[in-house]
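**Student:** Last residue of the first sequence? That's 160 in our numbering, and every number before it is there in order. C-beta atoms are modelled at their ideal positions from N, C-alpha and C, and glycine is treated no differently.
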Amino acid sequence: MAVRLAETEAYLGPEDRAAHTWGGRRTPRVRSMWGRPGVAYVYLIYGLHHCLNLVTLAEGRGEAVLLRGGPVVAGHGIARVRRGDGVSAAALADGPGKLCQAAGITREHDGLDTCASDAALYVADDGVVPLEVETTARVGIESAGAAAGWPLRFVVSW
DNA sequence: TGCAAGATTTTC
DNA sequence: AAAATCTTGCAG
Numbered sequence: 003m004a005v006r007l008a009e010t011e012a013y014l015g016p017e018d019r020a021a022h023t024w025g026g027r028r029t030p031r032v033r034s035m036w037g038r039p040g041v042a043y044v045y046l047i048y049g050l051h052h053c054l055n056l057v058t059l060a061e062g063r064g065e066a067v068l069l070r071g072g073p074v075v076a077g078h079g080i081a082r083v084r085r086g087d088g089v090s091a092a093a094l095a096d097g098p099g100k101l102c103q104a105a106g107i108t109r110e111h112d113g114l115d116t117c118a119s120d121a122a123l124y125v126a127d128d129g130v131v132p133l134e135v136e137t138t139a140r141v142g143i144e145s146a147g148a149a150a151g152w153p154l155r156f157v158v159s160w
């Protein structure tokens with residue numbers, strides 16, 4: 003099962019009030035977010051949806067990118083089994099929670115090194131060249147003060 | 001030890 | 001527009 007990442011959001015660590023590592027928090031949940039780049043950070047939101055992030059900068063920076071979604075380019079079958087019948091191809095993974103459900107991602111994947119040769123989860127370049135990259139404010143973080151307006155959401159089209 | 005709120009999705 | 005649902009983080 004594969005998704006072409008078309009929508010992401012950046013979370014900048016201690017300086018970013020919307021980030022789970024805001025203020026330098028080092029709690030059990032965000033353990034993996036302080037880890038090495040390439041490590042997956044998966045958490046449960048609202049008690050029923052998973053969100054997948056990948057650590058970006060160096061270990062100890064607490065910075066990661068939230069993978070919000072994109073079109074499923076392989077494995078539509080299994081994705082639809084997980085998401086349920088009657089779900090349109092476009093809606094299979096067009097949201098943080100949907101992406102994780104379609105890909106079968108849970109907290110079991112938290113802390114996984116996506117750079118490992120035997121990783122169950124990894125990122126690859128499929129060669130498609132982005133036509134345009136749109137930058138907007140992040141979604142769902144109304145209460146993050148000034149950080150809520152930061153242009154850290156990126157949407158790619160091709 | 002208890003309670004309020006959350007990087008969402010789905011349905012009425 | 002509102003509920004579903006549970007873990008984390010902060011107050012006491």
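Any idea if W36 is buried or exposed, counting beta-carbon neighbours within 10 angstroms, 16 or more meaning buried?
**Tutor:** Here residue 36 refers to the residue found at position 34 of the first sequence. Flag for W36 reads buried.
**Student:** If you run the structure through DSSP and keep just helix, strand and coil, what is V44?
**Tutor:** Here the question's residue 44 lines up with position 42 in the first sequence. Three-state result, V44: strand.
**Student:** Label Y43 either buried or exposed according to how many other C-beta atoms from any shown protein chain fall within 10 Å of its C-beta, with 16 as the threshold for buried.
**Tutor:** In the first sequence, residue 43 corresponds to position 41, counting from 1. So Y43 ends up on the buried side.
**Student:** Keeping to the same chain, check which residues put their C-beta closer than 8 Å to that of G62; ignore five residues upstream and five downstream.
**Tutor:** The sequence position of residue 62 within the first sequence is 60, counting from 1. The answer, listed in chain order, is W36.
**Student:** From L14 to H78, what does the alpha carbon distance come to, in whole angstroms?
**Tutor:** In the first sequence, residue 14 corresponds to position 12, counting from 1. In the first sequence, residue 78 corresponds to position 76, counting from 1. If I take the Cα positions, the gap works out to 33 Å.
**Student:** In the DSSP assignment, find the beta strand (DSSP E) that holds V83 and state where it starts and stops.
**Tutor:** For this step, residue 83 is matched to residue 81 along the first sequence. That residue, V83, is in no beta strand (DSSP E); its alpha helix (DSSP H) goes 78–85.
**Student:** From the DSSP output, which residues share a beta bridge with S159?
**Tutor:** Position 157 of the first sequence holds residue 159. Looking at the DSSP assignment, S159 forms a beta bridge with E134.
**Student:** Would you tell me roughly how many angstroms separate the C-alpha atoms of R140 and E17, rounded to the nearest one?
**Tutor:** Working through the first sequence from its first residue, we reach residue 140 at position 138. Working through the first sequence from its first residue, we reach residue 17 at position 15. The alpha-carbon atoms of R140 and E17 are separated by roughly 15 Å.
**Student:** Let me check understanding here. Comparing Cα to Cα, which of R84, A93, G86, I107 lies closest to P73?
**Tutor:** Within the first sequence, numbered from 1, the residue matching residue 73 stands at position 71. Comparing Cα positions, the closest option is A93.
**Student:** Please return the same chain residues whose Cβ sits closer than 8 Å to the Cβ of E144, not counting the five positions on each side in sequence.
**Tutor:** To locate residue 144, count along the first sequence from 1; it is residue 142. Around E144: A150.
**Student:** What separation, rounded to the nearest whole angstrom, lies between the Cα atoms of V89 and L50?
**Tutor:** Position 87 of the first sequence, counted from the start, is the residue given in the question as residue 89. Position 48 of the first sequence, counted from the start, is the residue given in the question as residue 50. Approximately 19 Å, taken between the alpha carbons.
**Student:** For my contact list, V157 and E9 are in at a C-beta cut-off of 8 Å; report their separation, rounded to the angstrom.
**Tutor:** In the first sequence, residue 157 corresponds to position 155, counting from 1. In the first sequence, residue 9 corresponds to position 7, counting from 1. Their Cβ separation, rounded to whole angstroms, is 5 Å, which keeps V157 and E9 in contact under 8 Å.
**Student:** Grab me the residues of D96's own chain with a C-beta within less than 6 Å of its C-beta, minus the 5 sequence neighbours each way, in chain order.
**Tutor:** Along the first sequence, one-based indexing puts residue 96 at 94. Excluding sequence neighbours, D96 sits near G71.
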